[in-house]
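What follows is a short report on a single structure.
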Amino acid sequence: MKKINKYILSGALCTLCISNGFARAEGNAEPMDIRSNWYIEIGAGAQLLFSADASKLDFGKRITPSLSLTGGKWFSPYWGTRFQIQGYGFNGNSTTDGIYLNDPLNGGLIYGPNDPVRNESVIRPDGSYRHYLRYMNMHLDFQVSLANLVGGYKPERKWDIIPAVGLGYAHAFSYKGAPKVNAISTNFSLMGKYKLPKGFDLNLEVQSSLFPDQFDGRITGGMYESNCAVTLGVTYNFENRGFNIAGRKARKPRHSARKSRRVSYVQIINPEAAMRTVEVVKTVNDTVYKEVKVREEVPMKANEPLMLGSILFDINKTVPVRGQEITFVNIVKFLDENPKAKLRLTGYADQQTGTPEYNLRLSTKRGAAVKDILVEKYGIDRKRVEVQGVGTDAQPYEQNEWNRVVIVTAIHK
């Protein structure tokens, strides 16, 4: 057990060293919704057991299936946790050397040399025989994204290398003479991940677990037994995937929204300010400043879009940020004064969070949300409003956070 404790301590120290390394790196990562960046994985492959006398068994006969089911969450671009259930069975090898848990003596205070597995197996001339284990290993792991830690967070990156370390509970079932055993396991793994479309990833994982010597029902005087499993798996990432890094400038898109079409910009956030001017009236003794209102009409040309304003959203939200009522009021006022005008609501999402597919849906939902407000709250005819989602195909603003927006454009037909 001392040797096992050394492995556990070594794993904990490695975890601390890694966490210190990325604690500084994640300082700019903005907190995400607790519902974001969850995933589920399934995997299947092969494994073998390393225990006393196991090497005397033919290599091909030592290989058994390995199955895994995993659920996890990334708390930042650099680290996360997962809970995995892994197992199926081991093929081992035994001899008459050792004592066995299924041969208790003196009320279980000590164990005897008789192994009930011999009644279920063929004894070879040298006295050795195979034994079969069925087990389940449940463990909680701490995992790190090496690609993001070393190369910085890049949502468009396809590849990642993810080491993990954790502790768990292993249970060996009573099977063909082998006893039921419960034990603490120490788990290590290294995963290669490739990002696929529509939220899926392809994984190749190599993992190993350490168990106490008696896990296979036989005590040989060793400190531990271990396994090695290689699995191929698939990950499904739920929709809210990705992170926003504060202070990181968005990449300049090849074609910005302003270059994609000719748009005239009109600032109507405070129309009263645009209507004011100052007339100077000179008198004999003093100069008097008098404020007069002057209304400047903004001519609209047929088929030429006119930008009326922008509606902002928080990250991963489809409800507009509070405090933008005046923008809606001024949009409605413009429509009242221009009965032939129609609106185009163009939704966007910032390219530093989420997948392109998810961001396209998100941007469309944002446009639909603005339309519902105009129709249901302000009584605008639904036929006068059209919605389109751009996602991250264009980024109208250099500031990344500003691209969580719906741009309102008037069209005079």
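Those letters in the sequence shown? Residues -25 to -1, 1 to 388, per mature numbering (1 follows the signal peptide of the UniProt record, and there is no 0), in order. Cβ coordinates follow ideal geometry from the N, Cα and C atoms, glycine included. Computed from a predicted model, the values in this text were never measured in an experiment.
D368 and V140 have their C-alpha atoms spaced approximately 38 Å apart.
Closest in C-alpha terms to G366, from the list V380, T195, F218, comes V380. Of the residues I136, L121, G47, R297, the one whose Cα lies closest to the Cα of R216 is G47. Taking C-alpha positions only, I15 is separated from Y211 by approximately 5 Å. Taking one beta carbon from each stretch, the region 333 to 340 and the region 177 to 192 have fewer than 3 pairs nearer than 8 Å; the two do not touch.
According to DSSP, residue pairing for Q61 in a beta bridge involves S43, N112.
For V350, no alpha helix (DSSP H) encloses it, and the DSSP letter there is neither H nor E.
Rounded to the nearest angstrom, the Cβ distance from L108 to A145 is 11 Å, too far for a contact under 8 Å.
Here L337 carries a helix assignment [DSSP, helix/strand/coil]. DSSP, read as helix, strand or coil, puts I9 in coil. Residue environment for R10: exposed (fewer than 16 other C-beta atoms within 10 angstroms of its C-beta).
The way I'd put it, the region 344 to 363 does touch the region 293 to 301; three or more beta-carbon pairs between them come closer than 8 Å.
Following the DSSP letters along the chain, one finds N157 in no alpha helix (DSSP H) but inside the beta strand (DSSP E) bounded by residues 156 to 170.
If you look at D311, you'll find it in the alpha helix (DSSP H) that goes 300 to 312. Rounded to whole angstroms, the separation of the alpha carbons of N123 and I98 is 53 Å. Within its own chain, the residues whose Cβ lies closer than 7 Å to the Cβ of R132, once the five positions on either side in sequence are excluded, are A122, listed in chain order. In this structure, the alpha-carbon of Y104 lies about 6 Å from that of S96.
In the same chain as F163, and ignoring 5 residues on each side of it, the C-beta atoms closer than 6 Å to its own belong to V140, S183, in chain order. One alpha carbon belongs to P130, the other to T328, and they sit about 7 Å apart.
Taken through DSSP and simplified to helix, strand or coil, G102 comes out as coil. In its chain, beyond the 5 residues on either side, F65, G67, N202 have a beta carbon closer than 6 Å to the beta carbon of L24. Y333 is classed as buried because its beta carbon has at least 16 other beta carbons within 10 Å across all chains shown. Going by beta carbons, L115 and L142 fall inside the 8 Å limit.
In the three-state DSSP reduction, N178 falls in the strand class (E or B). When only Cα atoms are considered, K352 and V307 end up about 11 Å apart.
Residue environment: Q326 is assigned as buried (16 or more neighbouring CB atoms within 10 Å of its CB, all protein chains considered). K36: not part of any beta strand (DSSP E); member of the alpha helix (DSSP H) spanning 34 to 37, first to last residue. Here E373 is exposed, its C-beta having fewer than 16 other C-beta atoms within 10 Å.
For V125, there is no enclosing beta strand (DSSP E); the enclosing alpha helix (DSSP H) covers residues 121 to 126.
Rounded to the nearest whole angstrom, the C-alpha separation of V304 and D311 is 11 Å.
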